[in-house]
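Asks: The numbering used here applies: residue 192 is where the sequence shown begins, and numbers increase by one.
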Amino acid sequence: GFDQRSRQFQNLQNHRIVQIEAKPNTLVLPKHADADNILVIQQGQATVTVANGNNRKSFNLDEGHALRIPSGFISYILNRHDNQNLRVAKISMPVNTPGQFEDFFPASSRDQSSYLQGFSRNTLEAAFNAEFNEIRRVLLEENAGGEQEERGQRRWSTRSSENNEGVIVKVSKEHVEELTKHAKSVSKKGSEEGDITNPINLREGEPDLSNNFGKLFEVKPDKKNPQLQDLDMMLTCVEIKEGALMLPHFNSKAMVIVVVNKGTGNLELVAVRKEQQQRGRREEEEDEDEEEEGSNREVRRYTARLKEGDVFIMPAAHPVAINASSELHLLGFGINAENNHRIFLAGDKDNVIDQIEKQAKDLAFPGSGEQVEKLIKNQKESHFVSARPQSQSQSPSSPEKESPEKEDQEEENQGGKGPLLSILKAFN
């Protein structure tokens with residue numbers, strides 16, 4: 192879990208990220224969990240069915256569509272595409288034990304037992320008004336291979352992000368037609384207003400931020416989006432063009448878990464470390480109660496190379512910048528998102544440094560307030576810009592050399608779990 196990697200991320204102890212991949216014409220079999228889930232389609236076409244005791248809804252979801260699966264609701268996911276893999280990112284928020292949740296499967300397979308097997312014989316016979324042998328044959332036994340072949344099905348287990356997502360079954364075209372027959376599209380969902388199981392289109396309408404270098408769509412936890420409101424969560428979709436930079440910025444109060452959906456790039460995160468954090472953990476704990484006013488604070492840059500499937504964290508109030516070496520698509524799950532503001536440190540619009548009064552700039556920066564304001568106005572774009580500095584454009588043969596002091600402060604990780612580990616290391 193995120194909280195196990197760093198004590199600074201205890202607010203994330205109740206959140207788990209899973210990435211699911213399913214082959215064409217397959218079904219992730221029904222289950223429920225003691226956790227609220229929000230899933231987002233990263234690639235492909237899915238039909239997702241959600242059911243409680245007296246209602247069932249099916250939705251055709253495409254890339255960029257999100258759906259909340261409330262705790263205790265049975266759900267199953269169909270990849271209805273004939274030749275494209277389905278990729279889904281899911282965030283889970285347990286309701287019983289923080290950081291832990293269980294999946295409950297009504298049907299047995301090689302890797303898990305049906306929860307019905309936990310009941311006594313007498314209870315099952317009374318509940319189904321049938322003899323136990325029939326109940327066992329119809330509901331409890333793991334399906335035999337012969338039966339599966341006769342039905343044109345093949346089943347196997349899938350594991351995603353160290354979480355068992357259950358059993359995926361190969362289905363026939365007839366099954367696909369039946370399972371999608373009553374599914375509604377996101378644009379024509381026809382659901383009741385205020386229903387938390389209504390799907391969300393992350394790219395609906397105009398982007399919140401947009402120019403020639405990138406765009407950002409965001410769905411916030413408000414009355415328009417009851418699916419997110421009680422979870423205090425926002426969903427963000429960012430697309431950065433190749434060779435572009437998302438300007439340095441931070442979130443005022445939201446902590447964002449980001450999944451790299453497509454492309455490659457580089458992340459820079461700025462953190463402040465106290466001198467105490469350089470010592471051993473035991474010594475640090477001994478000094479916990481001491482006065483810290485005199486302790487030195489060091490600004491450090493943590494970098495990571497990003498690729499598809501990577502996960503990283505943007506802590507609240509910590510500046511970050513993201514550079515796309517190829518077209519880069521990011522999906523963000525924002526925690527504690529109500530009244531969050533995205534604050535930029537450069538650019539023509541939404542620039543917080545520009546909001547500082549001239550007299551305060553005079554006192555805060557080595558340059559005069561007038562010089563600071565002139566420098567800020569050099570950047571005519573906002574939010575997304577070319578990643579190539581002006582100095583390199585004018586004299587490519589002599590790029591500006593970074594100071595050794597800064598180089599010593601940089602820590603880098605490459606691919607895999609690097610981005611997550613790199614950033615978490617900043618807070619240990």
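Backbone N, C-alpha and C fix where the C-beta goes; we use that ideal spot for every residue, glycine too.
Could you give the distance in angstroms between the alpha-carbon of Asp386 and the alpha-carbon of Asn270?
Replies: Asp386 and Asn270: Cα-Cα distance of roughly 24 Å.
Asks: Could you give the first and the last residue of the continuous alpha helix (DSSP H) run that contains Phe139?
Replies: With the chain covering 192 to 619 only, the question about residue 139 has no answer from this structure.
Asks: Taking its Cβ as the centre, do 16 or more other Cβ atoms sit within 10 Å of His206, making it buried, or is it exposed?
Replies: Flag for His206 reads buried.
Asks: To the nearest angstrom, how far is the alpha carbon of Arg301 from that of Arg328?
Replies: Cα to Cα, Arg301 sits roughly 16 Å from Arg328.
Asks: Looking at the structure shown, is Arg579 part of a helix, part of a strand, or coil, going by DSSP?
Replies: Coil, per DSSP.
Asks: Let me know the secondary structure DSSP gives Val463 once reduced to three states.
Replies: Correct three-state label for Val463: strand.
Asks: Work out the CA separation of Gly560 and Lys552 for me, nearest whole Å.
Replies: Cα-Cα distance, rounded: 5 Å.
Asks: Which of helix, strand or coil does DSSP assign to Pro439?
Replies: In the structure shown, Pro439 sits in a strand (DSSP, three-state: E or B).
Asks: With a threshold of 16 other CB atoms inside 10 Å of the CB of Pro506, please say whether the residue is buried or exposed.
Replies: Burial call: buried.
Asks: If you draw a straight line from the alpha carbon of Glu332 to that of Ser299, how long is it in whole angstroms?
Replies: Each residue's alpha carbon lies about 7 Å from the other.
Asks: Under the three-state reduction of DSSP, which class applies to Arg327: helix, strand or coil?
Replies: It is helical.
Asks: Are there 16 or more other CB atoms within 10 angstroms of the CB of Thr238, so buried, or fewer, so exposed?
Replies: By the neighbour-count rule (16 or more Cβ atoms within 10 Å), Thr238 is buried.
Asks: Taking only three categories from DSSP, how would you classify Asp225?
Replies: Correct three-state label for Asp225: coil.
Asks: Please list the terminal residues of the continuous alpha helix (DSSP H) segment that includes Val362.
Replies: Segment: none, Val362 is in no alpha helix (DSSP H) and carries neither H nor E.
Asks: Classify Glu483 as buried or exposed, calling it buried when 16 or more other Cβ atoms lie within 10 Å of its own Cβ.
Replies: Low per-residue confidence applies at Glu483: pLDDT is 48, beneath 50, and the placement is therefore not dependable, though the value from the model is reported in the following sentence. Its Cβ having fewer than 16 others within 10 Å, Glu483 is exposed.
Asks: Compute the distance between the beta-carbons of Val447 and Gly500, then report whether it is under 8 Å.
Replies: Not a contact, by the Cβ cut-off of 8 Å.
Asks: Classify Asn243 as buried or exposed, calling it buried when 16 or more other Cβ atoms lie within 10 Å of its own Cβ.
Replies: Exposed is the call here.
Asks: Which term fits Thr217, buried or exposed, when burial requires 16 or more other beta carbons within 10 angstroms of its beta carbon?
Replies: With 16 or more other Cβ atoms within 10 Å, it is buried.
Asks: Where does Asp294 sit, in a helix, a strand or coil, going by DSSP?
Replies: Asp294: strand per DSSP, three-state reduction.
Asks: For Ala528, count the other beta carbons within 10 Å of its own beta carbon; 16 or more makes it buried, fewer makes it exposed. Which is it?
Replies: By the neighbour-count rule (16 or more Cβ atoms within 10 Å), Ala528 is buried.
Asks: By the DSSP assignment, the beta strand (DSSP E) with Ile448 in it spans what residues?
Replies: Element bounds for Ile448: Met446 to Lys453.
Asks: Am I right that Pro422 and Asp227 are in contact with their C-beta atoms under 8 Å? What's the rounded C-beta distance?
Replies: At residue 422 the sequence reads Leu, which differs from the Pro that was named. The pair is a contact, with the Cβ atoms about 6 Å apart (cut-off 8 Å).
Asks: Using three-state DSSP, classify Thr217 as helix, strand or coil.
Replies: Strand.
Asks: Is it buried or exposed for Gly456, if we count other Cβ within 10 angstroms and need 16 for buried?
Replies: Answer is buried; the Cβ neighbour count reaches 16.
Asks: Contact check, Ser262 vs Pro221 under 8 Å by CB: the rounded distance?
Replies: The Cβ separation is near 15 Å, so there is no contact.
Asks: Just to confirm the assignment, what range does the alpha helix (DSSP H) spanning Lys417 have?
Replies: The question names Lys, but residue 417 is Pro in the sequence shown. Residues Pro417 to Gln420.
Asks: What beta strand (DSSP E) runs, 3 residues minimum, are completely inside the stretch 483-551?
Replies: Runs found: 488-497, 502-505, 511-515, 519-526 and 533-535.
Asks: I think Lys465 touches Arg488, with their Cβ atoms under 8 Å apart; what is that distance to the nearest whole Å?
Replies: That pair is a contact at about 6 Å.
Asks: Using DSSP's beta-bridge definition, name the partner residues of His272.
Replies: DSSP lists no partner for His272.
Asks: Suppose you measure from the CA of Gln420 to the CA of Gln562; what does that come to, to the nearest Å?
Replies: Going from the Cα of Gln420 to the Cα of Gln562 covers about 44 Å.
Asks: Buried or exposed: Pro412, going by 16 or more other Cβ atoms within 10 Å of its Cβ?
Replies: Buried, since its Cβ has 16 or more Cβ neighbours within 10 Å.
Asks: Where do the N-terminal and C-terminal ends of the alpha helix (DSSP H) with Ile387 fall, by residue?
Replies: Segment: none, Ile387 is in no alpha helix (DSSP H) and carries neither H nor E.
Asks: Does the beta-carbon of Gln546 have 16 or more other beta-carbons within 10 angstroms, so that it is buried, or is it exposed?
Replies: By the neighbour-count rule (16 or more Cβ atoms within 10 Å), Gln546 is not buried but exposed.
Asks: Let me confirm a value: Pro590 is counted as buried when at least 16 other C-beta atoms fall within 10 Å, else exposed. Which label applies?
Replies: Interpretation of Pro590 is limited by its pLDDT of 39, a score under 50 that renders its predicted location unreliable; the figure taken from the coordinates is listed afterwards. So Pro590 counts as exposed.
Asks: Would you mind sorting Pro698 into buried or exposed? The rule is 16 or more other CB atoms within 10 Å of its CB.
Replies: Beyond the ends of the chain as shown, which are 192 and 619, falls residue 698; an answer cannot be given.
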